[in-house]
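The structure under discussion appears below in the form of structure tokens.
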Amino acid sequence: MKNPLLYLILFTFTLIASEASFAQTVLEKETIADLNKTPNYAFGVSDEDGLKSALSVYDTFMANGVQIENFEIVVKGPVVKTMVKGSELEKYFGKYKGKVRVSICSVAMKRQGVSKEQLFSGLEVVETYTIRMLQLQALGYNSISY
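According to mature numbering (1 follows the signal peptide of the UniProt record, and there is no 0), the sequence shown holds residues -23 to -1, 1 to 123 in order.
What follows is the structure, encoded as structure tokens:
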């Protein structure tokens, strides 16, 4: 070894960078207290990144002890084509099944040529994305669209 100190420094920076990139977001106590005031959440998404981002929020909430009564993701757009039996997204969604409700817009299904029978289990078909999001807002859900 030419310079053991250099290797030690590089190893330390690598370790710190790895730890930071895999660390879960830690929420402040005040944030958790505020979120616990209304424990119902709705996320509107139209692509796979949005869906995974919403599921990541669920993971963050769970890791920080945020109380969740209802957590729903309402899906529209081209991502509907990837929510079929045997897809990679079906495998990804497996750990959330029964914990997170995922609603699929029937209009998007029609536009994307996807039937209810093609969808993987655990998904709920709703009339339209817009009506479901408005319904959830009327029920007092915190909502955001990606």
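Idealized CB from N, CA, C, for every residue including glycine.
Beta-carbon contacts of residue i that lie in its chain and below 7 Å, excluding the five residues immediately before and after
i, result
"G117", "T15 and N17"
"Q44", "N13 and P16"
Residue interval of the beta strand (DSSP E) (run including residue i)
i, result
"residue 149", "Past the edges of the chain, shown from -23 to 123, lies residue 149, and the structure says nothing about it."
"residue 138", "Absent from the structure is residue 138, since the part of the chain shown begins at -23 and ends at 123."
"S122", "N119 to S122"
"Y73", "From DSSP, Y73 is part of no beta strand (DSSP E); its letter is neither H nor E."
"N17", "N17 to V22"
Collapsed DSSP secondary structure at residue i in the structure displayed
i, result
"V3", "coil"
"V79", "strand"
"V84", "helix"
"V57", "helix"
"Q89", "helix"
"K62", "coil"
"K14", "coil"
Beta carbon of residue i nearer than 9 Å to that of residue j
i, j, result
"F48", "S122", "no"
"V51", "V91", "no"
"V22", "S33", "no"
"residue 127", "T2", "Outside the shown range of the chain (-23 to 123) lies residue 127, about which nothing can therefore be said."
"P55", "Q95", "no"
First through last residue of the alpha helix (DSSP H) which encompasses residue i
i, result
"S33", "E25 to A40"
"Q95", "From DSSP, Q95 is part of no alpha helix (DSSP H); its letter is neither H nor E."
"M110", "Y106 to A115"
Neighbourhood of residue i by C-beta distance below 6 Å, restricted to the same chain and skipping five residues each side
i, result
"V102", "I81, S83 and K93"
"R109", "V51, S80 and V103"
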